Each structure stands twice: as C-alpha cells, then as structure tokens.
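Q: 5 is the number of the first residue of the sequence shown in the numbering used here; add one for each residue after it.
Each residue gets a CB set at the ideal place from its N, CA and C atoms; glycine is no exception.
Everything numeric in this text was worked out from a predicted model, so none of it was measured.
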Amino acid sequence: MPPTFASLSLAPSLLGVIAELGYTQPTPIQIAAIPPMLAGMDVVGQSRTGSGKTAAFALPILHRLQIDKRDVQALVICPTRELSSQVAREFRRLGRGLAGLTVVELIGGQRARLQKDALERGAHIAVGTPGRLLDLHNSGALDTQTIITLILDEADRMLDMGFGEQVMSLVRQLSPVRQTALFSATFPDSIATLSASCQRMPRRLKIDEPEGAQAEISQLRMTTRREDRFPALCSLLTTHPHESALIFCNFKSTVADVSRRLAGAGVSVDRLDGDLDQFHRDQVLARFRNQSIRLLIATDVAGRGIDVKGLDLVINYEVPQHPEIYVHRIGRTGRAGRKGVAISLTIDGQDERREAIEEMTGTPIAEITPEDLGDLDSHLRALARPAPMRTIQISGGRKNKVRPGDILGALTGEAGGLDGSQVGKIEVQAQLTYVAVEHSVCRAAVDCLNAGRIKGKRFRATLIGGSVARDGKTSRSW
Ligand code: AMP
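1) Distance check for residue 462 and residue 369, CA to CA, integer angstroms please.
2) Could you tell me which whole beta strand (DSSP E) segments of length 3 or greater appear in the region 192-275?
3) Who are the near neighbours of residue 351 in its chain, counting only those whose CB is closer than 6 Å to its CB and skipping five residues on each side?
4) With DSSP collapsed to three states, give me the class of residue 181.
5) Would you check whether the ligand AMP has a heavy atom nearer than 6 Å to the C-beta of residue 416?
6) Mind reading off the beta-carbon distance from residue 101 to residue 48? Whole number of angstroms is fine, and I expect it under 8 Å.
7) Hey, would you say residue 137 sits closer than 7 Å to residue 87, going by beta carbons?
8) Since residue 94 and residue 62 should fall inside the 8 Å C-beta cutoff, what is the C-beta to C-beta distance between them, to a whole number of angstroms?
9) Taking residue 402 as the reference, which of 107, 71, 16 has the closest Cα?
10) Determine the burial state of residue 12: buried for a count of at least 16 other Cβ atoms within 10 Å of its Cβ, exposed for fewer.
11) Entirely within the region 321-378 and at least 3 residues each: give me those beta strand (DSSP E) ranges in chain order.
12) Mind reading off the beta-carbon distance from residue 250 to residue 290? Whole number of angstroms is fine, and I expect it under 8 Å.
13) What residue ranges within the region 385-453 form continuous alpha helix (DSSP H) runs of no fewer than 4 residues, ordered along the chain?
14) When you compare only the Cα positions, how much space is there between residue 465 and residue 411?
15) Specify, as a first and last residue, the run of the beta strand (DSSP E) that residue 287 falls within.
16) Would you say residue 353 touches the ligand AMP, meaning its beta carbon is less than 6 Å from a heavy atom?
17) Once the 5 residues before and after residue 353 are set aside, which same chain residues still bring their CB inside 6 Å of it?
18) Nearest CA to the CA of residue 442: which residue from 453, 422, 457, 458?
19) Does the Cβ of residue 217 have 16 or more other Cβ atoms within 10 Å, making it buried, or fewer, making it exposed?
20) Classify residue 391 as buried or exposed, calling it buried when 16 or more other Cβ atoms lie within 10 Å of its own Cβ.
21) So, helix, strand or coil for residue 143, using DSSP?
22) Output the boundary residues of the beta strand (DSSP E) element that contains residue 131.
23) When you measure from the CB of residue 30 to every non-hydrogen atom of the ligand AMP, does any distance come out below 6 Å?
24) The ligand AMP and residue 59: does the residue's C-beta get closer than 6 Å to at least one heavy atom of that ligand?
25) Determine the burial state of residue 409: buried for a count of at least 16 other Cβ atoms within 10 Å of its Cβ, exposed for fewer.
26) Does the region 61-81 come within contact of the region 142-162, defined as at least 3 CB pairs closer than 8 Å?
27) Can you name the start and end residues of the beta strand (DSSP E) that residue 49 belongs to?
28) Give every residue of the same chain whose Cβ lies closer than 6 Å to the Cβ of residue 304, excluding the five residues on either side of it in the sequence, and list them in chain order.
29) In or out: residue 189 buried (at least 16 other Cβ within 10 Å) or exposed?
30) State the beta-bridge partners of residue 73 as determined by DSSP.
31) So, using beta-carbon positions, are residue 318 and residue 357 closer together than 7 Å?
32) Could you please give the first and the last residue of the uninterrupted beta strand (DSSP E) stretch that includes residue 109?
33) Is the distance from the Cβ of residue 104 to the Cβ of residue 282 below 7 Å?
34) Beta carbon of residue 53: closer than 6 Å to some heavy atom of the ligand ZN?
35) Please report the distance separating the alpha-carbon of residue 335 from that of residue 259.
36) Can you give me the start and stop residues for the beta strand (DSSP E) that residue 466 sits inside?
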C-alpha cells in the first residue's frame, strides 16, 4: 500500500486542506521528508522544482506550529525573491485552516520598513532572501532566537549565486537547539560542507523517483543553422500546441531581439530580463501565470524561480553552457504529474553541450528533423492571436484585507455584471491584487472596480500590460 497523507500522521486540519487542494497522494519527497521532520530531525533532501518539496517541509512546520505564540518559529532561506514568494504562497495555501497564521516575506527590492512593521505585529513563519534577512536581523527587527526550524531551500543555487557567507552569518545567529532541513537539486562537495557546518546528524533522504524531472518531460531537439533559429522557433511554436510557452535565451540581447520580432508580428509576448525592476517583473509573471501573455522570453537570471503551473512548452532558443541550467530550465514544465515538452534549438558544432546534458540527465534528447521549416510569415500569422485574458491591477492586497472572494463578488455582483466564467486567476499579493478577466469585458471590469468599493474602501484599478504593440516593441503600458 503506498503511503497516504493520513498515514503520515498530519493534523486533521491539514489533511482537510490537502484534500481540498486535490493532493491525492504524497509525492516521494513528501513521503521521505515528512516523518523525520515531524520528529524534529535534521534532513538533507535531494529535490527538484516540481517535486512537491515545498509542501514536504511546509506541512511538518505547520503541524508543529504554536499558533497562539506570535513568534517567528520557522525561517526559510531561499536564493531568489520569486522562490520566496512561491514558498510563502504555498505556506498560506496549506495553512489556510490555521486561523491567524501569519507568513511574512522578507525579500530585497521591497521597502524594509513594511517588513519591519510586519515583524513587529508578529509573524509565525518568515521566508526570504539572505541579504535582506541579514539586514533585518542586524537592525534588530528579526529575532532569530525563537526560530526552531530552519530550511535552506535550493541550497545549491544559493551557493552558486554567492550567498554562502551570508547564509552562514545568519545560521550563526540562530539558536543551536533547532531543526535544520536542507534541500538541494545537486550535491556537490560544497553542499556537504554547508550541511556539516549547520546540521546535526542529518538524515539523508533517498528519493525513489524514476530519473526525476525527466520522467514527465518529453525532451526534443532540432538542429538548425544559426540564421534559421528564429524561423525554426516560429515553426516549433505553431506545430507544438501550447496555452503558454516559456522561451529561454542565454543573452539579454537575444531576449530583446526575439521578443521584438514576435511582438512586431502581433504575437502575445513579453520578456523578462535582468534589467526589469522587481515591480515590473512581478507584473509580467502575474500576467504570464494568469494567461494574459502567451509567450514569455527570459534569460536564466530573470527566469529563476518562475512558478507557472501547467506550463506545457519550454523552448531553449539557445542551449545553455552548463547542463545544470538546462535541467533547471526544463523543470518548469511537466510539474507534479503533468506532462510537458522541452525543445532545444541546437546549432551544428554544439554537440558537446548536448552530450554533457544527456550525460547528466541520463536521457537522450530525441532529434526532430522537419522536412522544411515552412513559411515564416504564415507561422507568424498563425501565432498572432491575442492571449485569452487581460490583467487588472488593483491597488489593494492582503494588507487591506482584500480576499479573492471580494474581487469576484465585486465583478460578478449586480454592479459588475460579469459572469464568473469571465473572471480568471485572482492573485492577492501583500499590497496589490492582480485579476485576470476575459478580453471582451476588461474595460467594463475596470470601470466597475473603480466605481465601486471593496471591503468598503475605494481602490484604483488599472489594466496592465496592454495588447501587443505593432511598432515592434512589446507594449509596456503600465
Ligand atoms: P514544488 O516542488 O514545491 O514547487 O511543488 C510543485 C507543485 O506541485 C506545486 O504547485 C504544489 O502545489 C503541487 N503539489 C505539491 N504536493 C503535491 C501532491 N502531493 N499532489 C499534487 N500536487 C502537489
């Protein structure tokens, strides 16, 4: 009999939420990590994005949480802001049966004052990036003595990004009587050293997964000449059906070039590169998640931590130099049991890169060789359809006690007049909310939100992102 969530001895309130979320069976990392973590042991887990690792550590933390004590009892250190937000979201989702649960995100790029205020009001769980966590500790805002569980998430990426020193400085501030769990996709020596310096007799989790990420992802490649890469991309996009696709490039200049050419043809596209500030990056990601953008073109740095469910297609427009990056990129598709497709455009002479990837994943990448690429213009015409949704940004969020139901109510109530089926994903963030609505009703929806009140208050609603500009630039009408 495979283990069930109930057989892992989780609290009934958590089991109820798990069932509501439709998690029917624990994933291998959950089966391996939950029992030792409930017992307070240190663990080291090998895990990839999409394996369910967040719930693997979040559930035991929520189970053991003393909700009546408004102290930070668990700290999760993440390499990126996006991953922090994703982890905080999962904690809130899984913890929605715990009345009064407070999860704070302590990340760079946002005002430290607000985070200090949040800590002062009291929080149970803190999730954040090393630099900001250290600043908040040094300024006395984050009391680390109450923390009984520490999670180092994507530890290998933290070291890759040069956060090793900051992580260790933070760890030294914690009480030595604590539980520490470390999760990492890869296990180089540096991870063994990190584990040895912050854990006590950790239990190494063995995950019986059929070759990890690769089992659920069809990996394909197509060899082209460098100058044919763009027509090849368009041909792939028309022949591989997708709701939304993520296209990775190695360089910012390539991201700019590809998105300019697609947008110029009227394709629903936006881009994510390191030049974008946090605010606009959040907007782009929210629009991509809620189907207001069909294609997202990204560099690795900007694309880190992108959490998009049901992403059916990932394309490597340029094959990365390091196989680890390849694995990370394609991990975005085929998450938690969903099938995905990852296609790489390889160029003659890049066989070594491909072989290194195949060696690391243990899976050959199947080659597709089309008769010809077809006509570029007709591909572009086929791709030039609008995204199904538009995004409205509302100037109130969790801080204003806004809940998804309030927004849905305002839009579908008497004043709004929308049908529930015309409203898409509603993402309530700390300070603002993104709601997706069907194209045809977006103006009416904005007017209705601006005219009415939510929770008795007036908020400003604006359409963001715009439709695709024809002047060759992706429209950024925020
Ligand atoms: P993660 O690896 O934590 O990024 O999780 C990947 C996705 O799988 C998240 O969207 C989770 O909500 C979802 N998930 C986690 N555990 C389960 C489960 N046991 N069954 C189905 N989905 C899950």
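A: On the basis of the supplied data:
1) 54 Å
2) 207-209, 221-228, 249-252
3) 230
4) coil
5) no
6) At roughly 29 Å, the Cβ-Cβ gap does not stay under 8 Å, so residue 101 and residue 48 are not in contact.
7) no
8) 6 Å
9) 107
10) buried
11) 344-351
12) Not quite, the Cβ-Cβ distance comes to about 15 Å (not below 8 Å), so this is no contact.
13) 408-416
14) 11 Å
15) Element bounds for residue 287: not the beta strand (DSSP E) but the alpha helix (DSSP H), 282-293.
16) no
17) none
18) 422
19) Reliability of the predicted coordinates at residue 217 is poor, the pLDDT of 41 falling under 50, and no value is obtained from them.
20) buried
21) coil
22) 129-132
23) yes
24) yes
25) exposed
26) yes
27) 47-50
28) 329
29) buried
30) Looking at the DSSP assignment, residue 73 forms no beta bridge with any residue, so it has no partner.
31) no
32) 107-110
33) no
34) Ligands displayed in this structure: the ligand AMP; the ligand ZN is not among them.
35) 20 Å
36) 465-468
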